[in-house]
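Each number in my numbering corresponds to the 1-based position in the sequence shown with 4 added.
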Amino acid sequence: HASSRLEKRSALDETLLKEVQVGNVGKHAYSDSKRALMLWTSVRAQNLAFKGSTWCHVATPGMVDSQLGRHMVSRWLFPLTKPLRALLLRSAAEGALGVVAAGLV
C-alpha cells in the first residue's frame, strides 16, 4: 500500500477510533485513514511473515503532484501554480517508481 506524508499529521488513537465508530471522523480524516492503513499493513505483515510465503510493504512516495490540490484553489489559479509544483513536487510517475522500487526490495 502506498501511504502519504500527511500520515504524520494523524492524531489516531483509541479515543479517536471510538469517535469514528459513532460517525465523528475528526479534523484529519485523510491523515488518520493513512495512519490506519499503515498500522493495518504492519500487523498483516507480521502475521504473514510467520507463514513465510507473503510479504507486505508500505511505501511513502514523498510529495507528489497528484493534482488533488486543484479543488482547493480557483480554476484559473491552479494552472498558474505549475512552475512551483514542478520545482517542489515529484511527478506522479516518479512517485510511483519509488513505491515500485520499495516493493522489489
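Just so it is clear, CB atoms sit at the ideal spot from N, CA and C, and this is done for glycine as well.
Going along the chain, which residues of its own chain have a beta-carbon closer than 8 Å to the beta-carbon of residue i, five neighbours each way excluded?
| i | result |
| --- | --- |
| Leu52 | Thr58, Trp59 and Cys60 |
| Ser37 | none |
| Lys12 | Ser35 |
| Gly66 | Arg9, Arg94, Gly99 and Gly102 |
Compute the Euclidean distance between the alpha carbons of residue i and residue j, then round it to the nearest angstrom.
| i | j | result |
| --- | --- | --- |
| Thr64 | Ser95 | 14 Å |
| Ala97 | Ala106 | 14 Å |
| Leu81 | Val104 | 33 Å |
| Asn28 | Leu21 | 9 Å |
| Ala33 | Gly56 | 34 Å |
| Asp69 | Thr19 | 33 Å |
| Leu108 | Lys31 | 35 Å |
| Leu72 | Arg79 | 13 Å |
Exposed or buried, which one is residue i when buried takes at least 16 other CB atoms within 10 Å?
| i | result |
| --- | --- |
| Arg39 | buried |
| Leu16 | buried |
| Val26 | exposed |
| Ser14 | buried |
| Val77 | exposed |
For residue i, collect the residues of the same chain with a Cβ closer than 6 Å to its Cβ; drop the 5 residues on either side in sequence, then sort them by chain order.
| i | result |
| --- | --- |
| Arg74 | Phe82 |
| Ala49 | Cys60 |
Can you give me the Cβ contacts of residue i inside the same chain, cut-off strictly under 7 Å, excluding the 5 residues immediately before and after it?
| i | result |
| --- | --- |
| Glu23 | Gly30 |
inquiry  = Quick test of the definition: if touching needs 3 or more C-beta pairs under 8 Å, does the region 34-44 touch the region 75-93?
reply    = no
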